[in-house]
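Q: Going by our numbering, the sequence shown opens with residue 2, and the numbers climb by one from there.
Below is one structure. I have some questions about it.
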Amino acid sequence: MRLQICKTGSGEKAIRRVRGAALLATTAIAVSCVTPVFAQTGAVAANSERRGGEQGAARPFNIPAQSLASVVGAFGRQSGLQVTLATPSAGNVRTNAVTGSFTVRDALSRLLAGTGVNFRIAGNGRSVIIGTGESTVDLSGAAGTTVLETITLTGKTGRNSLTGSGYQGTPDWVYETPASVSVVGREAIQSAGVRNTRDVFNRVSGVYAGEGNGSFPTVSPNVRGLQESGRVVVSIDGARQNAQRGAAFGGATSYTASAGQGYVDVAFIRAVEIEKITSARSGNAGSLGGKVEFRTVSADDLIADGENKGGEVNVSRGTNGYDFQGSVLGAVRSPEGPLSFVAGYSRTIMDEYKIGTKGEARSTALTMKDLLGRDGWSTFFKGEGDFGDVQASLSWMHQENDFVQGASTVIDRESVRNDSVVAKLDWDPESELIDFKSSLWLNDNMTHELRAERARYAAETNLDMGLRSFGGSLENTSRFDTAAGALSLNYGAEAFRDIATSVAKSAKIAENPTFASSYTAFSPAGRRDVASLFLNGELEPADWITLSGGVRYDWSRLKGSTTYYNIRSYQIQTSIPCNPVRANYTPLDYYNQIFRPANPRWSYALFLARAWSNISAGCMPGTGVDNPPIPVTEYPSYDVDIDRTYSAWLPSATIELKPVDWFRPYVSYSQSLRPPTILEAFFAGARPGDSPGYEYAPNQALRAEKATTYEIGANMSFDGVLLDDDSIRIKMAAFRREVKDYIALGYLVTDQVLDRTYTSFVNLDGTTYMRGLEFEGNYDARSFWIGGSATVLKTEWPEKTQVFSNATTTTTGEIVAWPGDVAPKVKLTLDGGMRFFDEKFSLGARLNHVTPTQSRVLDTEGNLREVTDPYTTVDLYGSYAFNDKATLRFAVNNLTDRKYIPAASAYTAPGRTFIATMNVKF
């Protein structure tokens with residue numbers, strides 16, 4: 002339980018003015034420092050539809066009578082608000098039971114009636130302060146009333162909030178978290194008019210969409226320069242999306258960043274939470290640089306306050322190949338009962354789009370022709386149970402996607418099924434020693450690819466690639482009041498297993514089974530186990546400082562076998578040398594045995610004089626034959642059994658200061674370990690073709706990547722700066738990450754074959770450095786808003802490209818390829834807009850600027866070579882709420898029709914696209 006002192010009393014207005022002036026001064030200093038770097042600042046906007054407060058409408062409550070200290074968790078969950086509690090002296094006050102549908106204000110009035118404890122609703126209706134002198138209920142005259150100094154309680158209730166006053170409607174708990182965390186809420190997602198799920202990352206600081214193929218409906222975010230292969234964990238309610246495909250897409254010739262195969266339908270997502278640094282908490286096992294979690298909708302998101310059923314329909318149509326995106330979601334709740342159910346269906350149809358026409362930027366229009374359409378549908382089910390202290394849920398998201406990949410002249414067809422099943426059980430009784438959470442999950446991904454025939458070297462081939470991942474977690478948080486201050490301990494364990502399968506079938510493979518290795522190279526079979534124990538503590542020795550630190554023990558195992566091949570060519574000589582007759586016969590023997598029977602009239606003397614010299618120089622029968630040599634090619638095979646483990650103790654620590662209640666700087670440190678994936682460990686075979694795979698071989702000495710990250714940042718949060726109902730939210734950070742043994746594709750020599758090199762996953766010899774600055778901020782005055790985000794990222798790779806094979810043989814040379822290109826140095830977004838007609842109508846604009854994507858290859862001046870052009874785009878968006886039930890949203894993306902290749906992408910972006918969405922609630 003983290004506690005934050007909040008000042009109250011008659012001096013509030015004076016303090017407000019002082020804090021406002023100080024805040025503006027601090028903000029001006031921060032902006033002036035950043036301006037030279039962020040010359041074309043940018044930010045995202047989904048603020049156009051931020052709620053004016055969550056307390057106005059009725060909602061169901063089921064809270065038994067209990068102590069005030071214990072009621073905070075239940076009220077926070079059921080109201081969806083951040084709850085503030087008074088000092089511990091009020092914690093033992095007995096509250097009233099509240100059962101039925103009420104507004105937040107009415108529920109609080111009933112809850113606290115007769116207790117002598119006051120409350121106040123603050124933060125534009127998004128937080129509740131219990132124990133303040135500014136009562137909204139006239140309880141001040143009640144016996145025993147005490148005006149108490151308030152303490153913000155974020156331990157059990159924070160992350161339930163959906164929206165807030167922050168950037169893109171970010172909830173306030175983000176600005177109370179001393180770490181680099183970003184949240185994209187449901188309203189932000191719906192307002193953005195996204196074509197692909199990955200588009201939600203485009204305006205988040207430090208994060209890039211990381212797309213490698215225009216048609217793939219996949220998610221593989223790049224966070225602070227790290228991407229792919231589990232470096233950043235992607236999950237749906239904790240179910241990890243671990244499927245990988247390292248193959249090159251879109252006609253490229255090298256390994257690219259499109260390997261990530263996370264499938265997420267945003268129609269069922271309530272929020273996306275992005276953590277850019279690892280910690281000693283659940284969900285970080287095997288992660289090198291953070292995690293991205295998609296949280297699915299619940300019944301509370303669909304059922305209006307005071308109702309037992311509800312739902313919504315979304316229908317989107319657009320121009321430029323945006324044919325249709327639609328969904329329907331419905332929810333029911335048992336009257337006065339603990340159970341609720343959600344069900345939904347989603348459909349997406351996208352066609353070929355046209356690229357922009359403005360500008361001279363390079364494009365991939367010819368390469369990607371006929372490769373951009375896709376067709377998909379999804380279903381979603383969730384059952385929830387609220388049994389007071391016990392919360393339970395079971396969800397299932399099923400997705401089917403059909404799309405294409407390949408080159409412009411040869412198209413391969415993909416059909417993907419992805420099932421994510423998550424079961425959760427939480428127990429949060431009155432005891433401060435127990436806040437228990439558990440989960441079990443399964444993610445089953447199966448990709449079927451129909452590879453078209455390639456003339457002269459590959460027959461039509463069917464390829465089935467599967468990855469089944471399952472795991473679970475257990476954790477508990479215990480809270481104590483100690484002599485040193487409030488202490489909370491979070492501890493637990495998590496584990497998961499990946500099982501990969503890969504089968505290739507064709508007429509050629511049926512004749513030569515070894516040919517399959519050339520098709521399964523980038524999706525090999527194997528097994529990986531990952532487990533983690535973690536302990537994290539948080540201590541608040543004074544109201545102006547919070548200390549936290551922890552340790553995680555990560556362990557992993559890779560087990561399985563793979564086969565690689567060599568190629569050996571030689572010629573078989575079929576000529577037979579001459580065997581002279583004189584070497585086999587004396588003249589007399591030849592005369593008597595061979596010559597005389599055929600020539601009886603010849604005398605021996607005549608034979609010697611006229612015939613023997615020619616006969617003796619001749620060849621024996623069957624010799625002296627000159628035939629051409631016969632070429633022979635062999636593919637010796639080498640079986641490799643892999644059973645390797647990796648483990649490490651990984652500490653982390655954070656110090657947060659609170660010199661004033663609106664400014665919270667912090668510093669943090671963490672270590673992380675990423676073991677190799679199944680793809681990296683069992684990599685063997687060759688590029689697809691009808692021959693045994695003799696190009697790639699596994700690296701039996703491949704080491705895990707290990708990173709150390711340092712971060713310094715600050716949160717700034719304040720209401721009523723210039724106006725009574727305005728707000729400012731700012732989050733900024735600077736970081737430095739050092740990655741040792743970074744894994745890429747390179748060359749090695751195996752122990753079994755010493756006369757040639759193979760392509761394999763190898764460790765870079767040296768340290769990779771990633772440094773950056775990040776900023777997200779928003780000012781909201783209700784009638785208008787202005788916000789933005791900025792990212793500066795610099796990546797330095799080891800100068801030495803020496804790699805190691807099996808710890809015995811060393812080879813030197815260029816690295817073959819890396820997982821994706823280097824994210825751009827600068828990404829800026831500036832967003833602003835206005836609200837009209839009692840906030841029913843909003844209109845916003847967004848300016849985006851991104852510098853070129855880079856490669857690992859150096860130019861003549863020693864800098865990373867730029868592989869795309871910089872670009873600046875403008876988007877318009879807005880909404881009109883006809884009533885509480887119907888809202889029309891619209892967006893014009895790439896208003897100026899710029900031609901550009903998005904950051905870390907292999908495909909040119911769509912040109913000007915208009916999208917309209919109708920949202921109807923029922």
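Glycine residues also receive a C-beta, built at the ideal position from the N, C-alpha and C atoms.
All values reported here derive from a predicted model rather than from experimental measurement.
If you draw a straight line from the alpha carbon of Ala-189 to that of Asn-197, how long is it in whole angstroms?
A: Taking the straight line joining both Cα atoms gives about 14 Å.
Q: Do you know how far the Cα of Asp-752 is from the Cα of Thr-521?
A: Approximately 23 Å between the Cα atoms of the pair.
Q: To the nearest whole angstrom, what separates the beta carbons of Ser-856 and Val-868, a pair I think is in contact under 8 Å?
A: So it is a contact: roughly 5 Å between Cβ atoms.
Q: Can you check DSSP and say which residues form a bridge with Thr-918?
A: Thr-918 pairs with Ser-317 and Arg-890.
Q: Using a 10 Å radius around the Cβ and a threshold of 16 neighbouring Cβ atoms, would you call Thr-158 buried or exposed?
A: Residue placement at Thr-158 is poorly supported in this model, since its pLDDT is 42, which falls under 50; the coordinates are not used for a value here.
Q: What did DSSP end up calling Asp-642 once you bin it into helix, strand or coil?
A: Three-state DSSP puts Asp-642 in a strand.
Q: Alpha carbons only, please: which of Phe-120, Gly-767, Leu-877 and Trp-174 is nearest the one belonging to Ser-718?
A: With distances taken between Cα atoms, Ser-718 lies closest to Trp-174.
Q: Quick check on the burial criterion: 16 or more other C-beta atoms within 10 angstroms. Buried or exposed for Thr-483?
A: When all chains shown are included, Thr-483 counts as exposed.
Q: Specify whether the stretch 272-280 and the stretch 487-501 touch according to this definition: at least 3 beta carbon pairs, one from each stretch, less than 8 Å apart.
A: No, the stretch 272-280 does not touch the stretch 487-501.
Q: I'd like the list of long-range same chain contacts for Pro-677, defined as Cβ closer than 6 Å, with 5 residues on each side in sequence excluded.
A: Closer than 6 Å at the Cβ level, and outside the excluded window around Pro-677, lie Leu-703.
Q: List the DSSP bridge partners of Tyr-592.
A: Partner(s): none; Tyr-592 has no beta bridge.
Q: With H, G and I counted as helix, E and B as strand and the rest as coil, what does DSSP make of Ile-131?
A: Strand.
Q: Mind reading off the beta-carbon distance from Val-84 to Val-118? Whole number of angstroms is fine, and I expect it under 8 Å.
A: That pair is no contact at about 13 Å.
Q: Look up Leu-154 in the DSSP assignment and say whether it is helix, strand or coil.
A: Residue placement at Leu-154 cannot be trusted, given a pLDDT of 38 that sits under 50; the coordinates are not used to answer.
Q: With C-beta atoms as the reference, is Ala-59 less than 9 Å away from Asp-306?
A: Contact: yes.
Q: Thinking C-beta only, is Gly-167 closer than 9 Å to Asn-700?
A: It is not a contact, given that the beta carbons lie outside the stated cut-off.
Q: Could you tell me whether the Cβ atoms of Ala-66 and Ala-98 are closer together than 9 Å?
A: Against a cut-off of 9 Å, the Cβ pair of Ala-98 and Ala-66 comes out as a contact.
Q: Specify, as a first and last residue, the run of the beta strand (DSSP E) that Tyr-492 falls within.
A: Unbroken beta strand (DSSP E) run through Tyr-492: 486-506.
Q: To the nearest angstrom, how far is the alpha carbon of Ser-283 from that of Gly-833?
A: Going from the Cα of Ser-283 to the Cα of Gly-833 covers about 36 Å.
Q: In its own chain, which residues sit with a C-beta less than 7 Å from the C-beta of Glu-50, not counting the 5 before and 5 after it?
A: Note on Glu-50: pLDDT 42, under 50, position unreliable in the model; the coordinate value appears next. Contacts found: Glu-188, Ser-192, Ser-843 and Ser-880.
Q: Determine whether the beta carbon atoms of Val-740 and Glu-712 lie at a separation below 9 Å.
A: In this structure, Glu-712 does not lie closer than 9 Å to Val-740 by Cβ.
Q: Classify Ser-230 as buried or exposed, calling it buried when 16 or more other Cβ atoms lie within 10 Å of its own Cβ.
A: Burial call: buried.
Q: Which residue from Gln-594, Asn-600, Leu-724 and Ser-562 puts its Cα closest to that of Phe-684?
A: For the residues Gln-594, Asn-600, Leu-724 and Ser-562, the minimum Cα distance to Phe-684 belongs to Ser-562.
Q: DSSP on Tyr-586, reduced to helix/strand/coil?
A: Of the three classes helix, strand and coil, the one that applies to Tyr-586 here is coil, per DSSP.
Q: Closer than 8 Å is the cut-off here; do at least three beta carbon pairs connect the stretch 604-619 with the stretch 627-643?
A: Flag = no, the stretch 604-619 and the stretch 627-643 do not touch.
Q: Alpha carbon to alpha carbon, what distance is there between Leu-723 and Ile-916?
A: Straight-line Cα distance between these residues: approximately 36 Å.
Q: Would you mind stating whether Glu-276 and Ser-181 have Cβ atoms separated by less than 9 Å?
A: It is a contact, given that the beta carbons lie within the stated cut-off.
Q: For a test of the three-state rule: what should DSSP assign to Ser-617, helix, strand or coil?
A: Of the three classes helix, strand and coil, the one that applies to Ser-617 here is helix, per DSSP.
Q: Relative to the C-alpha of Ile-510, which candidate in Pro-652, Pro-578 and Ser-692 has its C-alpha closest?
A: Ile-510 has its Cα closest to that of Ser-692, out of Pro-652, Pro-578 and Ser-692.
Q: When burial is assigned at 16 or more other CB atoms within 10 Å of the CB, is Arg-738 buried or exposed?
A: Counting Cβ neighbours within 10 Å, Arg-738 comes out buried, since at least 16 surround it.
Q: Is the stretch 648-668 close to the stretch 564-582, with three or more CB pairs under 8 Å?
A: Short answer: they don't touch.
Q: Taking three-plus beta-carbon pairs below 8 Å as touching, is the stretch 435-451 in contact with the stretch 459-473?
A: Short answer: they touch.
Q: Terminal residues of the continuous beta strand (DSSP E) containing Leu-548?
A: That run of the beta strand (DSSP E) goes 546-566.
Q: Ignore the nearest five residues each way along the sequence and tell me which others in Asn-419's own chain have a CB closer than 6 Å to its CB.
A: Tyr-264, Gln-400 and Asn-446, listed in sequence order.
Q: Going along the chain, which residues of its own chain have a beta-carbon closer than 6 Å to the beta-carbon of Phe-923, five neighbours each way excluded?
A: Gly-312, listed in sequence order.
Q: Any idea if Gly-714 is buried or exposed, counting beta-carbon neighbours within 10 angstroms, 16 or more meaning buried?
A: Its Cβ being crowded by 16 or more others within 10 Å, Gly-714 is buried.
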